[in-house]
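Residue numbers (this note's numbering), protein chains in the order written: chain F, 165 to 310; chain Z, 165 to 310. These notes are about the structure you will find just below.
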DNA sequence: CCCAATTCCGAGTAACAATATCGGGATCGC
DNA sequence: GCGATCCCGATATTGTTACTCGGAATTGGG
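Below, the structure is given as structure tokens:
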């Protein structure tokens, strides 16, 4: 029912890369420190993201990762799919992997499909660029509670 | 990220009760047979649903369960919340249990909140009555694929 | 009044996933 | 060459999932 840390950390990490777009590679150590995550764990997330062509790696000292394409062309959904697999509210209503029997016999299946579609709509509509712009706007316009 | 069997089976079971609304109690054995579920496992789902006042039990022979209120007044969301806990796409964006630190510091938090709201919108808008009507409509109007 | 059907209750469990941690090898700028 | 970094695979711990099992309490029908 809930997103695991893979998806959450992955998007946070890529947001960090998007914030530093064009400024050369950023090391996992830097990302881990800035976002408060485990460096070794981030390695596990970086590998599939690199293989999926979302980020590129620069090895060696002063190396790190960069976005493989502009932040405006990477959606939150792209990242989640790589790290969590196909999106779906249930495993019988997962995009690209429909369960034909469930779809034709289960009277509730339509509900799960509708929820899945709404989830997809949101995560596919938000790019890393959007997150950066929102963060910059918030930074200039902070909310002071109480 | 995905609904567990608890929520899925629970809604299927309650759909079965809704289909037989007003026809006296239905036993778990009957539900299990009709929906192809484990009877013992359904017991575990029935207990919290009863305690939450969604279904009522009739003990003894010829006993079973009935909806505690009309099917038109029970939403899919009601059932899911009882069986899976508060709704949320992440544990930091779960309804009624906001993570204040995450909400104010995480640049991605707004995305999770938006997804959570969309999920809630769908599951709270569909009642058991809707499912029954849809099932009856489908039954009179079956889709023949191929 | 007895019996079978049923709800009710709590424990146990096997398999799997989540969330890391660890060690070491490959690569590269300085 | 050296230290920073990516890269890869193994391991560990913990929690969750999806059940299973055994038996007690309750009640309508014969």
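Don't be surprised by glycine CBs; every beta carbon is placed ideally from N, CA and C.
| Check | Outcome |
| --- | --- |
| On the three-state DSSP scale, how would you describe residue 229(Z)? | strand |
| I want to see whether chain Z comes within less than 7 Å of residue 254(F), judged by CB atoms only; does it? | yes |
| Tell whether a beta-carbon distance below 7 Å holds between residue 283(F) and residue 279(Z). | yes |
| Return the CA-CA distance between residue 183(Z) and residue 211(Z), expressed in angstroms with no decimal places. | 20 Å |
| Within its chain, find whatever has a CB closer than 6 Å to the CB of residue 171(Z); leave out the 5 residues flanking it on each side and keep chain order. | 244, 247, 248 |
| Of all the residues that make up the region 215-239 of chain F, which are near chain Z by a beta-carbon distance shorter than 8 Å? | none |
| Examine chain F for any beta-carbon lying closer than 7 Å to the beta-carbon of residue 279(Z), and answer yes or no. | yes |
| DSSP three-state call for residue 257(F): helix, strand or coil? | strand |
| Nearest chain Z C-beta to residue 189(F) closer than 7 Å, yes or no? | no |
| Within the region 243-307 of chain F, note down every full beta strand (DSSP E) run reaching 3 residues or more, in order along the chain. | none |
| Name the DSSP beta bridge partners of residue 221(Z), please? | 229(Z) |
| In this structure, how does DSSP classify residue 238(F) when only helix, strand and coil are distinguished? | coil |
| Within 7 Å of any Cβ in chain Z, is that where the Cβ of residue 295(F) sits? | yes |
| Please check if any C-beta of chain Z sits within less than 7 Å of the C-beta of residue 185(F). | no |
| If we define contact as Cβ-Cβ less than 7 Å, is residue 250(Z) a contact residue for chain F? | no |
| What's the gap between the Cα of residue 213(Z) and the Cα of residue 263(F)? | 28 Å |
| Taking the C-alpha atoms as reference points, what is the distance between residue 192(Z) and residue 286(Z)? | 28 Å |
| Can you list, in chain order, the residues of its chain whose CB lies under 6 Å from that of residue 221(F), leaving out five sequence neighbours each side? | 214, 229 |
| Name the chain F residues whose beta carbon is nearer than 7 Å to that of residue 272(Z)? | 175, 176, 179, 295 |
| What residues from chain F crowd round residue 286(Z), counting only those whose CB sits closer than 8 Å? | 275, 278, 279, 282 |
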